[in-house]
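**Student:**
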Amino acid sequence: MEPYGVSEGCDGAVGEIMRGFGKLKGFAVTVIGAVLVVLTIALSVMHGTKAISCAAVWDAIFRFDNENIDHLIIQTSRIPRVIGALLIGAFLAVSGALMQGMTRNYLASPSIMGVTDGSVFVITLCMVFMPGTSSMTMIVFSLIGSALGAGLVFGLARLLPGGFSPITLAVLGTIIGTFLGGVSQALASYYQVSQNISFWYNARLHQMDPAMIKLSIPFAIAGFALALIVSRWVTALSLGDDVAKGLGLNIVFIKGLTMLSVVILTGISVALAGKIAFIGLIIPHIARYMVGQDYRKIVPFSALIGALFLAWCDLISRFINHPFETPIGVVTALFGVPFFLYLIKTRGGGKHA
Amino acid sequence: MRKGDQTARFWTVLLLTTGIGLAAMYVSLTNGTFDISALDVIRTLLRIDTTREHDLVIFDFRLPRIVIGAIVGIGLGIAGAALQGITKNALADPGILGIHAAAGMSVVICMFLVSGSVKGAGWASAIAMPMFGWIGGLGAIVLLYMLARHNGEFDPQRLILVGIALGSGFGAITLYVSLKMNPQDFEMATVWLSGSIYNANWKHVAAALPWILILTPIVWRKAGILDLFQLNELSVKGIGVRTGRERQILLLCCVGLVSACVSVSGSIGFVGLIAPHIARRLVGIHYKYIVPVCGAIGMVMVVIGDMIGKTIFAPAELPVGIVISIIGVPYFVYLLYRARKRR
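Protein chains in written order, with our numbering: chain A, 306 to 658; chain B, 918 to 1260.
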């Protein structure tokens, strides 16, 4: 166990001091996190195809000038982009953490489990049959799609013997993902909206729409709040259904709430930026490594690390092939694949997390 | 089931499937953007009383496409059967193991390196593509082997996980390389990657056919060993099978088959996954029977899939890979469901 766990076991003065130390550490983490986020925002706003000086950034934020091109770039492109990257990183990391805890499966993540593909599928349907829907409706449809994808994969997993083992679930997720992707592609090419659809498919952090970000904030708050509320129960679930039952928890209800949170968070991030892989898979593991097994700490930590990770990947993506931008998926895969392999190597085949 | 019965059943199934395949080929030969009567097809094929339009349509457009479809189907079906046998996992599929992605990556890299100078038209490049694909596939298998080994033991479960990981990695590299290409090559690469056979020509046939002709009999001859692999590792060794070596030979054959198919048609998924399941339901569990039936079923799947893809949305065409995944997945799910109910 990590120090937190130990401190809770201690009593008397030592325990008091340890607890105080724990709080201090929590405070320190918050401060460091905030500093890192601000630093990331600053760097991300300053660098890109056109480097912009620190002073210009300051001016653009506090003395905005409509005529100045640099200011326009910062206000309409760079700032929404970095905010979007931070938010989406946090969303995906948190949904990954919840899924891994709930299914006790170290491979669970929104992109492997068909959640993102479901969202893309419903968005395609929506574009084909109801062209010209508003952004708000798109977000709602994206949520419905996430629920559909997750429902299909988990429903099938229930039907199969040993369906919740990491491998079967991963294969089912891949199959369902390919299927939904295939159907969307067929519909798109039949109704000739391929171009609009591929706009949705592909991660598009670089054209983040400030209006979309504003629309998504209520959902984001709801999703995060739900995630934080269920996180204490997810800790129990991660010890096994029997343990959770023994603690007097209503498993179906809790799993439902957890899935709802996952669906909201993933749905929003697909609506904002399309499919981005690997965040939901890697980040929770790093968070678990740093703070131990308690999901009350894993969830916020995942959010922080996920946000920073995606923002940095975004920043790197502007420089790999300068002055052109590299798709963010390539950058996340660059870090994600080796990590994934490492997980398989150390965690082994059929075991649960 | 007695042995005689099983053999009879095997031949019936094989003949029926081949028959369906031939019927599908006939339909797709006569129907299309404009219809040709059966008599005209026969006349053209037998070189009696030829017209130039019919020659062009049949020999340059329809026939190579059908032949490629058949070859790819056979190759993928057999590779799928062998892979499921080797890994002892009914969910194994060349696509899931990342072999498609690896072969695809090296072909795209090949296109990128020789861009412009070859234009994908010369014989040299047509023959070189499967070679490149094979090298890529081989690389994937070597990586798979290195990473899926655990304490010196070969772990089939781990193999699939590593495959999924490698698949997405290779996919990312492919994306990166294809974005560096010039627009013309990029167009070619994307069309090819999505798993379509509509720009098939005789050079592709010539490039892929030798692989299938050489490797298929090898896999079939090893069918007895595939049967033995279904037992546990120790018993197989106890019988006196050199498991490591046999497995390597079979894996190499699979990679060869898959790479040849991928290099001419892009990645067509699900054939290798579903064909063995259908075959097992039709002819039982002996690989001696499963392997050829898988080939026939794969052929039928790809030829019919392509036929549907080119007619249903005409004049637009749907890549055959997508058609197969749309039809195949619900069926596969149904199979899984049935398998569970029987338990």
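Glycine included, every Cβ here is placed at the ideal spot set by N, Cα and C. This one's a predicted model, so the numbers in the text were calculated from it and none came from an experiment.
Roughly how far, in whole angstroms, is the beta-carbon of A/Val-539 from the beta-carbon of A/Thr-563, given that I think they are within contact range, below 8 Å?
**Tutor:** Correct: roughly 6 Å between the Cβ atoms.
**Student:** If contacts are defined as beta-carbon pairs under 8 Å, then B/Leu-1199 and B/Val-930 qualify, I think. What distance do you get, rounded to the angstrom?
**Tutor:** Yes, they are in contact, since the Cβ atoms of B/Leu-1199 and B/Val-930 sit about 5 Å apart, within 8 Å.
**Student:** Round the Cβ separation of B/Val-1188 and B/Gly-1212 to the nearest angstrom and send it over; I've been treating them as touching at under 8 Å.
**Tutor:** That pair is no contact at about 11 Å.
**Student:** What residues from chain B crowd round A/Phe-369, counting only those whose CB sits closer than 8 Å?
**Tutor:** Under the 8 Å cutoff, chain B gives no residues; its nearest Cβ is about 34 Å from A/Phe-369.
**Student:** Specify the secondary structure class of B/Arg-926 as computed by DSSP and reduced to three states.
**Tutor:** Here B/Arg-926 sits in helix by DSSP.
**Student:** So what's A/Phe-583 in DSSP terms, helix, strand or just coil?
**Tutor:** Coil at A/Phe-583, not helix or strand.
**Student:** With C-beta atoms as the reference, is A/Val-476 less than 9 Å away from A/Ala-616?
**Tutor:** Their beta carbons are not under 9 Å apart, which means A/Val-476 does not touch A/Ala-616 by this criterion.
**Student:** Please go through the same chain and pick out, in chain order, the residues whose beta-carbon is closer than 8 Å to the beta-carbon of B/Ile-991, but skip the five residues on each side of it.
**Tutor:** Counting only Cβ-Cβ distances below 8 Å, and skipping sequence neighbours, we find Ile-1129, Thr-1133, Gly-1212, Ala-1213, Gly-1215, Met-1216.
**Student:** Using the Cβ count rule (16 or more neighbours within 10 Å means buried), how would you classify A/Leu-609?
**Tutor:** Counting Cβ neighbours within 10 Å, A/Leu-609 comes out buried, since at least 16 surround it.
**Student:** Just the Cα atoms here: how many angstroms apart are B/Thr-1004 and A/Ser-349?
**Tutor:** Approximately 46 Å, taken between the alpha carbons.
**Student:** Could you list which residues in chain B have their beta carbon closer than 8 Å to that of A/Thr-479, in chain order?
**Tutor:** Neighbours of A/Thr-479 on chain B, chain order: Ile-1013, Ile-1081.
**Student:** Between the alpha carbons of A/Leu-397 and A/Ser-382, how many angstroms are there, rounded?
**Tutor:** Looking at the two C-alpha atoms, the distance is approximately 22 Å.
**Student:** How about B/Ile-1016 and B/Cys-1171: are their beta carbons less than 9 Å apart?
**Tutor:** Their beta carbons are under 9 Å apart, which means B/Ile-1016 touches B/Cys-1171 by this criterion.
**Student:** Note down, in chain order, every chain A residue with its Cβ under 7 Å from the Cβ of B/Tyr-1254.
**Tutor:** The contacting residues are Leu-464.
**Student:** Using DSSP bridges, identify the partner residues of A/Phe-629.
**Tutor:** Looking at the DSSP assignment, A/Phe-629 forms a beta bridge with A/Asn-626.
**Student:** With a cut-off of 9 Å, does the C-beta of B/Ala-1106 fall near any C-beta of chain D?
**Tutor:** The chain labelled as chain D is not found among the protein chains of the depicted structure, namely A and B.
**Student:** Closer than 9 Å, CB to CB, is B/Gly-1222 near chain A or not?
**Tutor:** So no, B/Gly-1222 is outside the interface.
**Student:** Out of B/Val-1025, B/Leu-1030, B/Ser-954, point me to the one whose CA is closest to B/Thr-1091's CA.
**Tutor:** Nearest option by C-alpha distance: B/Val-1025.
**Student:** In the structure shown, what three-state DSSP assignment does B/Pro-1247 receive?
**Tutor:** Helix, per DSSP.
**Student:** Going straight from the alpha carbon of A/Ile-378 to that of A/Tyr-495, what length do you get?
**Tutor:** The straight-line gap from Cα to Cα measures roughly 37 Å.
**Student:** Quick check on B/Thr-924: buried or exposed, where buried means 16 or more other Cβ atoms within 10 Å of its Cβ?
**Tutor:** Counting Cβ neighbours within 10 Å, B/Thr-924 comes out exposed, since fewer than 16 surround it.
**Student:** My guess is that A/Ser-424 and A/Ser-447 are in contact by the Cβ rule of under 8 Å, so how many angstroms apart are they, rounded?
**Tutor:** Going by Cβ atoms, the distance from A/Ser-424 to A/Ser-447 rounds to 5 Å, so yes, they are a contact pair.
**Student:** Can you tell me whether B/Leu-1235 is buried or exposed? The criterion is at least 16 other CB atoms within 10 Å of its CB, across all chains shown.
**Tutor:** Burial call: buried.
**Student:** Inspect the beta-carbon positions of A/Ile-573 and A/Gly-528 and report whether they are closer than 9 Å.
**Tutor:** Yes, the Cβ-Cβ distance between A/Ile-573 and A/Gly-528 is below 9 Å.
**Student:** In chain order, what residues of the region 557-577 of chain A put their CB closer than 8 Å to some CB of chain B?
**Tutor:** So the list is empty, because no residue satisfies the distance condition.
**Student:** Indicate whether at least one CB of chain A lies closer than 9 Å to the CB of B/Gln-923.
**Tutor:** No, B/Gln-923 does not count as interfacial toward chain A.
**Student:** Please check if any C-beta of chain B sits within less than 9 Å of the C-beta of A/Ala-390.
**Tutor:** By this cut-off, A/Ala-390 is not an interface position.
**Student:** Taking 9 Å as the threshold (beta carbon to beta carbon), is A/Ser-494 in contact with chain B?
**Tutor:** It does: the Cβ of A/Ser-494 has a partner Cβ on chain B nearer than 9 Å.
**Student:** Please report how far the alpha carbon of B/Gly-1088 lies from the alpha carbon of A/Met-443, in whole angstroms.
**Tutor:** Cα to Cα, B/Gly-1088 sits roughly 28 Å from A/Met-443.
**Student:** Helix, strand or coil for A/Tyr-496, going by three-state DSSP, please let me know.
**Tutor:** Residue state, collapsed to three classes: coil.
**Student:** Can you give the Cα-Cα distance for B/Ile-1052 and B/Ser-1023, rounded to whole angstroms?
**Tutor:** Spanning the two alpha carbons is a distance of roughly 8 Å.
**Student:** Between A/Leu-620 and A/Gly-460, what straight-line distance do the alpha-carbon atoms span, to the nearest angstrom?
**Tutor:** Approximately 38 Å between the Cα atoms of the pair.
**Student:** Return the chain-ordered list of same chain residues with a C-beta closer than 7 Å to the C-beta of A/Val-642, the five sequence neighbours on each side being excluded.
**Tutor:** Nothing listed; no residue qualifies.
**Student:** 9 Å is my cut-off, CB to CB: does B/His-1192 come that close to chain A?
**Tutor:** In the sequence on display, residue 1192 of chain B carries Ala and not His. By this cut-off, B/Ala-1192 is not an interface position.
**Student:** Is it the case that the Cβ atoms of B/Gly-1021 and B/Tyr-1204 are separated by a distance below 9 Å?
**Tutor:** Against a cut-off of 9 Å, the Cβ pair of B/Tyr-1204 and B/Gly-1021 comes out as no contact.
**Student:** Can you give, in chain order, each stretch of the alpha helix (DSSP H) that sits fully within the region 965-1019 of chain B and has at least 4 residues?
**Tutor:** Those alpha helix (DSSP H) runs which fall completely within the region 965-1019 of chain B and span 4+ residues are 969-972, 980-1004.
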